[in-house]
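Student:
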Amino acid sequence: MTRPELWLVILGGAIVTFAVRLSFIALIPPDRLPATLRRGLRLVPPAVLAAIILPGLVSPSGTLFLSLANDRLWAGLLALLVAWRTRSTWLTIAVGMAALWG
């Protein structure tokens, strides 16, 4: 495959991906979605965020490290408590970073 062909494949993939994602936003008005689907979609961002953050907390060096000596796990638990009590994203991030680096 030549370089221009490779770029065309990448561009084509990007266009198809964008079109599929846009179709859910542009073609289906939010008020026409079933209530159960709307409730379920509200849970997607926290689930994705947890999937991104949790591996860094329990396996900072690539292997599972569940111990009382795991500073990242303690910082994450403290941040979780702050998030639960305050519902403030910025305060949660600040407390988690301060607990880890402070």
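Residue numbers for the sequence shown, in this note's numbering: 10 to 111.
The beta carbon of each residue, even a glycine, is placed where N, CA and C say it ideally should be.
None of the values given here were measured: they were computed from a predicted structure.
1) Terminal residues of the continuous alpha helix (DSSP H) containing Ala108?
2) Alpha carbon to alpha carbon, how far is Val18 from Val25?
3) Any chance you could list the alpha helix (DSSP H) runs of at least 4 consecutive residues sitting entirely within the segment 28–60, in chain order?
4) Suppose you measure from the CA of Thr98 to the CA of Met106; what does that come to, to the nearest Å?
5) If we ignore side chains and look at the alpha-carbon of each, how far apart do Trp16 and Phe74 end up?
6) Can you look up Ala84 in the DSSP assignment and give me helix, strand or coil?
7) By the three-class DSSP mapping on this structure, what secondary structure does Thr95 have?
8) Are the Cβ atoms of Arg81 and Leu66 separated by less than 8 angstroms?
9) Under three-state DSSP, which class holds Pro64?
Tutor: So, from the data block:
1) It spans Thr98 to Trp110 - the alpha helix (DSSP H) in which Ala108 sits, taken as one unbroken run.
2) Between the alpha carbons of Val18 and Val25 lies a distance of about 11 angstroms.
3) Inside the segment 28–60, DSSP marks whole alpha helix (DSSP H) runs of 4 or more residues at positions 44–51, from first to last along the chain.
4) Roughly 12 angstroms separates the two Cα atoms.
5) When rounded, the distance between both Cα atoms is 41 angstroms.
6) The answer is helix: DSSP assigns Ala84 an H, G or I state.
7) Helix at Thr95.
8) Result yes, Cβ atoms of Arg81 and Leu66 sit closer than 8 angstroms.
9) If DSSP states are grouped into helix, strand and coil, Pro64 belongs with the helices.
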